[in-house]
Amino acid sequence: DDGVEPLVTHRASLITLSDAGAHLKFMCDAGYGLHFLGHWVRDRQAMSWSQGIARLTSEPADRYRIANRGRLELGCWADVMLFDPIQVSIGPVERISDLPAGQGQSPGSRLIRRPQGLAGVWVNGTRVFDGHQAVEGLVGPGQVLDQFHWGMQP
Numbered sequence: 188d189d190g191v192e193p194l195v196t197h198r199a200s201l202i203t204l205s206d207a208g209a210h211l212k213f214m215c216d217a218g219y220g221l222h223f224l225g226h227w228v229r230d231r232q233a234m235s236w237s238q239g240i241a242r243l244t245s246e247p248a249d250r251y252r253i254a255n256r257g258r259l260e261l262g263c264w265a266d267v268m269l270f271d272p273i274q275v276s277i278g279p280v281e282r283i284s285d286l287p288a289g290q291g292q293s294p295g296s297r298l299i300r301r302p303q304g305l306a307g308v309w310v311n312g313t314r315v316f317d318g319h320q321a322v323e324g325l326v327g328p329g330q331v332l333d334q335f336h337w338g339m340q341p
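So for the sequence shown, the numbering used here puts the first residue at 188; every next one is plus one.
Here it is, written out as structure tokens:
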């Protein structure tokens, strides 16, 4: 951790990952943000909460010039995640069997790490995650961003 902290806190570093969920037979690292907040912000106090949240939200949006994203401001689009700063983290690795046969290492299985300390996620004002699982029966409310409006200046 001591060798990684200067990289995590450097102003030129961008805290992101790619391919979250794209490879079902491998571990999906979509929980890196929760780990980042729990480990680097809370436990190691490498930065303030507001700095840590900006590292995961507004900084990537600004760097990739995704207009009106990554911040809670009038006129901006926002998804909101409510978490307990004392508990936010990811759980241990576990194997679940919820895939069609042949997609995981063993038929129908994949590795996950469940969120901890999460109270919910809202997309466009609609709760889509209740802290433990996705809210069932929703149509929408968000959409896949396959095009960006490059309105921000470098």
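We put the beta carbon where it would ideally sit given N, CA and C, even for glycine.
Quick check on residue i: does DSSP put it in helix, strand or coil?
i: D166; result: The structure shown does not extend to residue 166, since the chain is modelled only from 188 to 341, so the question has no answer here.
i: P341; result: Summary for P341: the model assigns pLDDT 40, below 50, so the residue's position carries little reliability, and this model does not support an answer.
i: V228; result: helix
i: A306; result: strand
i: T313; result: strand
i: A199; result: coil
For the beta strand (DSSP E) that contains residue i, what are its first and last residues?
i: E192; result: Counting along the chain, E192 falls outside any beta strand (DSSP E), though it belongs to the alpha helix (DSSP H) covering 192-196.
i: I299; result: 296-303
Given residue i, which residues of its chain have a CB within under 6 Å of its CB, disregarding the five upstream and five downstream residues?
i: L204; result: D216, Y219
Quick one: residues in its chain with C-beta nearer than 8 Å to the C-beta of residue i, no 5 flanking neighbours on either side, listed in chain order?
i: A306; result: L269, F270, D271, G318
i: R280; result: Checking the sequence, you will find Val at residue 280 rather than Arg. M214, L298, I299, R300.
Since residue i is in the alpha helix (DSSP H), which residue starts that stretch and which ends it?
i: L221; result: 219-222
Roughly how far, in whole angstroms, is the beta-carbon of residue i from the beta-carbon of residue j, given that I think they are within contact range, below 8 Å?
i: H197; j: S276; result: Going by Cβ atoms, the distance from H197 to S276 rounds to 23 Å, so no, they are not a contact pair.
Identify, in the order they occur along the chain, each residue of the same chain with its Cβ nearer than 7 Å to the Cβ of residue i, setting aside the five sequence neighbours on each side.
i: Q274; result: Q303, G304
Where in the region 231-284 do unbroken runs of the beta strand (DSSP E), each at least 3 residues long, occur, reported from the N-terminal end onward? 266-270, 276-284
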